[in-house]
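In my numbering, the protein residues as written are 896 to 1194. All residues carry an ideal CB built from backbone N, CA and C; glycine is no exception. Report on the following structure.
The structure is reproduced here in structure tokens:
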């Protein structure tokens, strides 16, 4: 693990003299949890065909769920876990004569390795007893208990939810790695090309006024636009344009947490000469205006 960039004079010697040193890995990223809920529904219940921008996780606690997707029908019983990828159309139904209980949540994470593993799994049901369902089920039970016991919308409540979300993502990643350990990875040339495109996009976040169209960057890799975009999306679980927007949003959130920094200046740092344009774009990304987000962090 890398040490902090700026160390006081003599710190190197102090570190070298330590009897023991142990570090946790650095992490810089964002999670988003949305629409997490437990629901018990009657016979004949259905939820209409829809799609969303986030991953969806559905764990059936009791009864059976019948899900219709563009690629086929998925059936779930008690203990079965379903993952739905962003953008996949699906509808849900209880076609039995008994009630059904399920936990559902939409989440997003910008960790590339986890997104790649989720996309490798695809929209699918992971049955009870599988490596994924087995490690996720105990955490889902904790989430259901937390949802039933508290509706606290406070900083402490949000931190408690975040801790459970981190535990869920950790269990999900651990289970997916175990379940798909023998699955062939993406072709090396696809990983290399997608990684290079991602690094170019990341570099443009630091120099936004030199930003080039995504199509230009794909062509520079030697691929057609359609092939390059599809390849990146398969590897990263999002389009290059979505990846760039995600990076800009993360940077904007970091800058907005500094209450002394003017919002217009933050927009300019991100390449927006017009503060109103930046505000509109930020609201499209996050659902809040920059000022509303800043107040939510300081209130």
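Validate contact between the segment 1086-1104 and the segment 1126-1144 using beta carbons, cut 8 Å, 3 pairs: Between the segment 1086-1104 and the segment 1126-1144 there are three or more inter-stretch CB-CB distances shorter than 8 Å, so the stretches are counted as touching.
Backbone CA spacing between residue 1123 and residue 1111 [nearest angstrom]: Position 228 of the chain shown, counted from the first residue, corresponds to residue 1123. Position 216 of the chain shown, counted from the first residue, corresponds to residue 1111. Using only the alpha carbons, I get a separation of about 11 Å.
Neighbour-count burial assignment, residue 899, 16 or more Cβ in a 10 Å radius: For the purposes of this step, residue 899 is taken as the residue at position 4 of the chain shown. With a pLDDT of only 46 at residue 899, under the threshold of 50, the placement of this residue in the model should not be trusted; the figure read from the coordinates follows. Result: exposed.
Backbone CA spacing between residue 951 and residue 1010 [nearest angstrom]: If you number the chain shown from 1, residue 951 lands on position 56. If you number the chain shown from 1, residue 1010 lands on position 115. The alpha-carbon atoms of residue 951 and residue 1010 are separated by roughly 13 Å.
Beta-carbon gap between residue 959 and residue 998 smaller than 7 Å: Position 64 of the chain shown, counted from the start, is the residue given in the question as residue 959. Position 103 of the chain shown, counted from the start, is the residue given in the question as residue 998. When the beta-carbon positions are compared, residue 959 and residue 998 stay at least 7 Å from each other.
Whole-Å CB distance - residue 1093 paired with residue 1138, under 8 Å assumed: Locating residue 1093 in the chain shown gives position 198, where the first residue counts as 1. Locating residue 1138 in the chain shown gives position 243, where the first residue counts as 1. Between the beta-carbon of residue 1093 and that of residue 1138 there is about 6 Å, and that keeps the pair under the 8 Å contact cut.
Simplified DSSP state of residue 1002, which is helix, strand or coil: Against the chain shown, residue 1002 aligns to sequence position 107. Secondary structure of residue 1002 (DSSP, three-state): strand.
Check whether residue 1071 and residue 1034 have beta carbons under 7 Å apart: Here residue 1071 is taken as the residue at index 176 of the chain shown, counted from 1. Here residue 1034 is taken as the residue at index 139 of the chain shown, counted from 1. Not in contact: residue 1071 and residue 1034 (Cβ atoms no closer than 7 Å).
DSSP beta-bridge partners of residue 935: In the chain shown, residue 935 corresponds to position 40, counting from 1. Residue 935 pairs with 996.
With 16 other Cβ atoms within 10 Å as the buried cut-off, status of residue 1057: Position 162 of the chain shown, counted from the first residue, corresponds to residue 1057. Flag for residue 1057 reads exposed.
Under 7 Å between C-beta atoms of residue 879 and residue 1016: Residue 879 is absent from the structure shown; the chain starts at 896 and stops at 1194.
Buried versus exposed call for residue 975 [16 or more other C-beta atoms within 10 Å across all chains shown]: As a first step, residue 975 is located in the chain shown; it is residue number 80 there, counting from the start. Residue 975 should be labelled buried.
As assigned by DSSP and simplified to three states, the class of residue 1183: As a working note, residue 1183 is residue 288 in the chain shown. In the structure shown, residue 1183 adopts coil according to DSSP, grouped into three states.
Contact check, residue 1108 vs residue 1073, beta carbons under 7 Å: Position 213 of the chain shown, counted from the first residue, corresponds to residue 1108. Position 178 of the chain shown, counted from the first residue, corresponds to residue 1073. Not closer than 7 Å, so no.
Helix, strand or coil at residue 1032 [DSSP, three-state]: Position 137 of the chain shown, counted from the start, is the residue given in the question as residue 1032. In this structure, residue 1032 counts as helix in the three-state DSSP scheme.
Proximity below 7 Å, CB of residue 1003 to CB of residue 945: The residue labelled residue 1003 in the question sits at position 108 within the chain shown. The residue labelled residue 945 in the question sits at position 50 within the chain shown. In this structure, residue 945 does not lie closer than 7 Å to residue 1003 by Cβ.
Three-state secondary structure assigned by DSSP to residue 941: Along the chain shown, read from residue 1 onward, the residue named residue 941 stands at position 46. Three-state result, residue 941: strand.
Check whether residue 1174 and residue 1157 have beta carbons under 7 Å apart: Along the chain shown, one-based indexing puts residue 1174 at 279. Along the chain shown, one-based indexing puts residue 1157 at 262. No, the Cβ-Cβ distance between residue 1174 and residue 1157 is not below 7 Å.
Reduced DSSP category for residue 930 - H, G, I as helix; E, B as strand; rest coil: For the purposes of this step, residue 930 is taken as residue 35 along the chain shown, with counting starting at 1. Here residue 930 sits in strand by DSSP.
Local conformation of residue 912 per DSSP, three classes: For the purposes of this step, residue 912 is identified with residue 17 of the chain shown, where counting begins at 1. Note: residue 912 maps to coil in three-state DSSP.
Option nearest residue 1082 by Cα separation, candidates 1159, 1021 and 1126: Within the chain shown, residue 1082 is the residue found at index 187, counting from 1. Of the listed residues, the one whose Cα sits closest to residue 1082 is 1126.
Beta-carbon proximity check, residue 1141 vs residue 1100, cutoff 7 Å: One-based indexing of the chain shown puts residue 1141 at position 246. One-based indexing of the chain shown puts residue 1100 at position 205. Taking 7 Å as the cut-off, the beta carbon of residue 1141 is found no closer than this to the beta carbon of residue 1100.
Whether residue 996 touches residue 956 by CB criterion (7 Å): Reading the chain shown from its first residue, position 101 is the one you call residue 996. Reading the chain shown from its first residue, position 61 is the one you call residue 956. Less than 7 Å separates the beta-carbon of residue 996 from that of residue 956.
Residue 1114 classed as buried or exposed, judged by whether at least 16 other C-beta atoms fall within 10 angstroms: Numbered from its first residue, the chain shown carries residue 1114 at position 219. With fewer than 16 Cβ atoms within 10 Å of its Cβ, residue 1114 is classed as exposed.
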